[in-house]
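In my numbering, the protein residues as written are 724 to 1208.
Glycine included, each C-beta is placed from N, C-alpha and C at the ideal position.
Shown next, in structure tokens, is the structure this report addresses.
Structure, rendered in structure tokens:
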């Protein structure tokens, strides 16, 4: 029977959906199968069309079109199975799934209780179309469409990779309908971004009745509102000098005043140097800082990241191959340290991003803002009480001896990288020692001795080491009973 299932899956008769990723980023397949041939013909979408006509809000369609390549039908079935595994089908008032919400190459999924996502796989056009609509809401949060697009692309990339079709590439287009006729010509996203004016839709049936522009694209793409070219882009003709917008002199002066105010506030914000203060622990007073987190703060943030880390980094703009490289290079580290390494790699690629961008991405996966606020560096951190350790204040406030460093090093686990960041050691220092030594205790002994010698203000103390270990969820109570006096 297992051999029969393998052959049926190989020839596309059965599809095993992707269920997620393990801690090393490897694909996990579900324990059930999806049978594409049992689905009804995709022409039976009258009920969905009726809902779209009566919906209170409908987005324009984003088309993911493969570049001049034939896509095997079984790949589309696997992509649909991945969507079916991740999202629930739209249900009617009685709670049962509608017969028209899952057809061959077509699915309508419920998102956040109020939105419906249409995923239509156009095999004859080598394209996948996405449309969001709601029967109750009049507007949509921008992050909803952008998050869904990234999740769908993760499913597509994973299916292509697991089926040895990584060479296939695709581009985003904008259209007015989830149906793509044989003569429909969706607008490339680049054309929409690079022009100020709206485009007439190139659908065969709509006969240029619709206009498409950046406003429609901003539901799906993050950076359309930042694309403000100084020249007008005309497809096929390059660029021409921009023409000032029509308007009265008063409107022009108002526009100039708004820009002046914007740059004045920007300079005022950039000129403020971040200095942790005692009252910054009050979230209402301080909030999320507008700066890039430090290496120590990245280590603290990684504590709150779970198995959804691939989706979070995709939200932040990090490529999947960069995540895989870090996982293979740092397999000896703990999961938390690997996430910290990914944060550090991300910070070098996106230097203009801030704490607020990370807070926004992490909060989408259920992490409370209070947890994020606790990761911010404060001066009072080094004076906290070590929980569960009964040592005299005189012992806690002095430098550790070589014997005490040996005891501490023997009780450090695979999160030693985060421990060193918490103590204030630089990443190149840690990486250098990481190459020189194999055992964790030897690495920590070398790094702790270097930290004690180089730490001036605040001084290197046993309290700081134990507090750092406590931050990294290490057993500090056992160390307090092993010869520290």
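Check, Outcome
"With the cut-off set at 8 angstroms, would you say residue 940 and residue 897 are in Cβ contact?", "yes"
"Using the C-alpha atoms, what's the distance from residue 1096 back to residue 890?", "42 angstroms"
"Tell me whether the beta-carbon of residue 1046 lies closer than 8 angstroms to the beta-carbon of residue 1036.", "yes"
"Grouping DSSP H, G and I as helix and E and B as strand, with all else coil, what is residue 1160?", "coil"
"Expressed to the nearest angstrom, what Euclidean distance is found between the alpha-carbon atoms of residue 1080 and residue 754?", "36 angstroms"
"Just to confirm my understanding: we take residue 851, look at its own chain, exclude 5 residues before and 5 after, and list those with CB closer than 6 angstroms. What are they?", "787, 844"
"Residue 893 and residue 1209 - do their beta-carbons sit closer together than 8 angstroms?", "With the chain running from 724 to 1208 in the structure shown, residue 1209 is simply not present."
"Are the Cβ atoms of residue 1084 and residue 1038 separated by less than 8 angstroms?", "yes"
"Do three or more CB pairs link the segment 1061 to 1070 to the segment 1010 to 1024 at distances below 8 angstroms?", "yes"
"Taking the beta strand (DSSP E) that residue 842 falls in, what are its first and last residues?", "838 to 845"
"Which word fits residue 1145, buried or exposed, when buried means at least 16 other C-beta atoms lie within 10 angstroms of its C-beta?", "buried"
"DSSP on residue 995, reduced to helix/strand/coil?", "Bear in mind that the predicted position of residue 995 carries a pLDDT of just 44, short of 50, making it unreliable; the figure below should be weighed with that in mind. In this structure, residue 995 counts as coil in the three-state DSSP scheme."
"Tell me the rounded alpha-carbon separation between residue 846 and residue 827.", "10 angstroms"
"Mapping DSSP to helix, strand and coil, what is residue 964?", "Summary for residue 964: the model assigns pLDDT 37, below 50, so the residue's position carries little reliability; its value from the coordinates is reported in the next sentence. Strand, per DSSP."
"Determine the direct distance from the alpha carbon of residue 829 to that of residue 853, and round the result to whole angstroms.", "10 angstroms"
"Less than 7 angstroms between C-beta atoms, sequence neighbours within five positions excluded: which residues of the same chain meet that for residue 880?", "1043"
"To the nearest angstrom, how far is it from the Cα of residue 920 to the Cα of residue 910?", "13 angstroms"
"Within a Cβ cutoff of 7 angstroms, which residues of the same chain sit near residue 1183, ignoring the five residues on either side of it in sequence?", "1122, 1174, 1175"
"Which of the three DSSP states, helix, strand or coil, is assigned to residue 1071?", "helix"
"Less than 8 angstroms between the C-beta atoms of residue 927 and residue 907, yes or no?", "yes"
"When DSSP labels each residue in this structure, what does residue 1195 get in the three-state scheme?", "coil"
"Going by DSSP, what residue range makes up the alpha helix (DSSP H) through residue 1015?", "No alpha helix (DSSP H) holds residue 1015; DSSP gives it neither H nor E."
"Of the residues 1172, 1112, 1160, 1148, which one's Cα is nearest the Cα of residue 1186?", "1112"
"Quick check: what's the CA-CA separation for residue 806 versus residue 780?", "22 angstroms"
"Since residue 830 sits in a beta bridge, which residues does DSSP pair it with?", "825, 842"
"Just to confirm my understanding: we take residue 873, look at its own chain, exclude 5 residues before and 5 after, and list those with CB closer than 8 angstroms. What are they?", "1034, 1037, 1038"
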